[in-house]
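*Asks:* The structure follows.
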Amino acid sequence: MDYDVALIGAGAAGIAAARKLTSAGRSVVILEASNRIGGRAWTIGLCGMPLDLGCGWLHSAKRNPFSQLGREAGFSIERTISAWQSQWHELGFSKAERSAARSVWEAFNERIRRDPPETDRASDALDPDGEWNQYCQSLSAYLNGAPLEQLSIRDFLAYDDAATDDNWRVKEGYGSLITSCLPTDAAVQLSTPVRRVALTGDGVRVETDRNALLASAVIVTASTNVLARGMISFDREVDDHLQAATQLPLGLADKLFIRLEGHHGLEPETHLLGNPRDSSTGSYYIRPMGRQLIEGFYGGEGAARLETAGLMDAFAFASDELASLIGNRIRSHLKPLIASTWCAMDWIHGSYSHAVPGASQARILLAQPVEDRLFFAGEATHPQDFSTAHGAWDSGLRAAGEVLAVMTS
């Protein structure tokens with residue numbers, strides 16, 4: 078064998094698995110299709126600010142392993158309470174309206190718990206003529222990257238029941254923290270797409286654009302959209318896993334960073350929702366951690382529109398939404414920086430997974446090993462913490478533990 082274990086993908090799951098395996102003395106190679114490590118964790122530096130194009134919040138922070146990992150590595154963990162559900166000076170969304178909209182969302186949540194529709198389709202729990210349905214859809218777009226029509230209730234509740242309200246941030250960037258966890262004794266091959274994974278007599282053969290290698294075991298951490306689209310070829314023993322991947326598609330969420338210049342008068346750690354009656358509206362986090370920028374967040378349909386339009390048209394849309402709330406004077410203080418485009422990102426093609434109605438058990442199936450040589454990890458395989466970096470991390474540790482159990486048995 079060339080290596081004890083080959084890991085496909087250098088995101089949080091692959092990095093976690095590599096740490097556990099190398100610490101156990103196993104030889105490891107990470108095969109990453111893109112030209113960087115981190116996967117959907119990606120911090121870039123612009124204008125002297127670390128910007129997270131991917132995951133940016135340590136969700137369920139008190140039990141999130143990255144909180145401790147970050148402290149141990151000397152990262153600054155910011156515990157400021159998120160302002161994202163507030164509305165700065167009640168502009169365009171009064172206190173009474175927010176109360177009414179939140180009441181509808183809370184009633185929806187109570188309904189899916191107490192008397193969920195047999196379809197398992199979240200949208201079927203909405204009042205068909207509800208005044209705040211578009212608001213509820215916007216929340217689903219941010220939380221799931223998809224509309225409620227495409228969402229399994231059982232899957233949504235599995236996450237909601239496990240999550241906590243503590244959401245922290247990493248001053249130096251969540252992506253920077255995750256990539257810093259890569260073990261130095263793991264071999265890494267970047268720009269190396271895997272094309273085929275085949276079970277052999279006593280191991281696994283992995284064919285890439287560069288070469289082929291043999292490993293005793295392989296851990297696949299590729300996104301569900303990559304698996305579902307057949308971008309990696311597998312033996313027929315993996316067909317059930319590939320079918321499960323089609324039931325766990327990646328929703329879409331994108332960010333647009335806008336630099337603030339001059340005397341704009343905006344206060345740090347504040348928030349504006351663009352239009353609560355439009356499901357594709359932007360959510361604008363103003364001056365996060367005191368920085369001179371606005372972080373626009375778009376989900377589902379809104380994110381798809383941002384990617385199709387391109388940076389400047391997306392910036393124009395954001396400027397119009399902000400000007401409609403703050404006034405036209407704000408336009409002169411806004412300068413576009415950068416936007417993410419996760420759907421267009423090669424070898425990812427989306428943001429984070431959700432189960433389609435009736436398919437919540439697909440996560441369990443996708444996480445099952447194949448012949449004790451082929452293992453699967455990634456956020457989509459986590460039963461509760463899917464769609465998060467810490468869920469991906471935990472799944473990598475779980476898969477590495479499965480590999481070690483087989484190798485030591």
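First residue of the sequence shown? That's 78 in my numbering, and the numbers climb one at a time after it.
All residues carry an ideal CB built from backbone N, CA and C; glycine is no exception.
Model, not experiment: these values are computed from the prediction.
1. In whole angstroms, what separates the C-alpha of alanine 381 from that of alanine 482?
2. Spatial neighbours of tryptophan 134 within its chain, please: C-beta separation below 8 Å, excluding the five flanking residues on both sides.
3. So the beta strand (DSSP E) glutamine 461 belongs to, where does it begin and stop?
4. In the stretch 103–155, which residue ranges form an unbroken alpha helix (DSSP H) of at least 4 residues, counting only runs that do not cross its ends?
5. Around the Cβ of glycine 115, are there at least 16 other Cβ atoms within 10 angstroms (buried) or fewer (exposed)?
6. Please report how far the alpha carbon of arginine 179 lies from the alpha carbon of tryptophan 161, in whole angstroms.
7. Tryptophan 165 and isoleucine 363 - do their beta-carbons sit closer together than 8 Å?
8. Alpha helix (DSSP H) containing isoleucine 403: first to last residue?
9. My output table needs one value for tryptophan 161: the three-state DSSP class, helix, strand or coil.
10. Tell me where the beta strand (DSSP E) around lysine 332 begins and ends.
11. Quick one: using the 10 Å Cβ neighbour count with 16 as the cut-off for buried, is alanine 289 buried or exposed?
12. Classify alanine 454: buried if its beta carbon has 16 or more other beta carbons within 10 angstroms, exposed otherwise.
13. Using 8 Å as the threshold, is the stretch 217–233 in touch with the stretch 96–107, meaning 3 or more CB pairs across them?
14. In the DSSP assignment, the beta strand (DSSP E) including isoleucine 415 goes from what residue to what residue?
15. Have a look at valine 283 and glycine 307 and give me their C-alpha separation to the nearest angstrom.
16. Which first and last residues belong to the beta strand (DSSP E) in which valine 315 is found?
17. Name the one or two DSSP bridge partners that phenylalanine 453 has.
18. With a Cβ-Cβ cutoff of 8 Å, do leucine 383 and alanine 416 count as a contact?
19. Could you check what DSSP says for histidine 467 in three-state terms: helix, strand or coil?
20. Which same chain residues end up closer than 8 Å to proline 142 when comparing Cβ atoms and leaving out the 5 residues on each side of it in sequence?
21. Do you know how far the Cα of cysteine 124 is from the Cα of aspartate 390?
22. So valine 82 is in the beta strand (DSSP E); what residue range does that whole segment cover?
23. So which of Ser409, Ala436, Phe452 and Phe374 has the shortest CA-CA distance to glycine 222?
24. Strictly by DSSP, which residues pair up with threonine 347?
25. Provide the residue(s) that pair with glutamate 372 in DSSP beta bridges, ordered along the chain.
26. Would glutamate 346 pass as a contact of histidine 410 if the rule is Cβ separation under 8 Å?
27. With DSSP as the reference, label threonine 261 as helix, strand or coil.
*Replies:* By the coordinates alone:
1. The alpha-carbon atoms of alanine 381 and alanine 482 are separated by roughly 42 Å.
2. Ser159, Asn244, Trp245, Arg246 and Tyr251
3. Premise fails: glutamine 461 is in no beta strand (DSSP E) and is neither H nor E.
4. 142–149
5. buried
6. 13 Å
7. In this structure, isoleucine 363 sits near tryptophan 165, with a CB-CB distance shorter than 8 Å.
8. Under the DSSP assignment, isoleucine 403 falls in the alpha helix (DSSP H) whose first and last residues are 388–403.
9. coil
10. It spans 330–337 - the beta strand (DSSP E) in which lysine 332 sits, taken as one unbroken run.
11. exposed
12. The residue is buried, with at least 16 neighbouring Cβ atoms inside 10 Å.
13. no
14. 411–416
15. Per the coordinates, the alpha-carbon of valine 283 lies some 15 Å from the alpha-carbon of glycine 307.
16. Where valine 315 is concerned, there is no enclosing beta strand (DSSP E), given that its DSSP letter is neither H nor E.
17. Val297
18. The answer is yes: Cβ separation under 8 Å.
19. helix
20. His467, Trp470 and Asp471
21. 22 Å
22. 80–85
23. Phe374
24. Beta-bridge partners assigned by DSSP to threonine 347: Ile363.
25. Phe334 and Tyr362
26. no
27. coil
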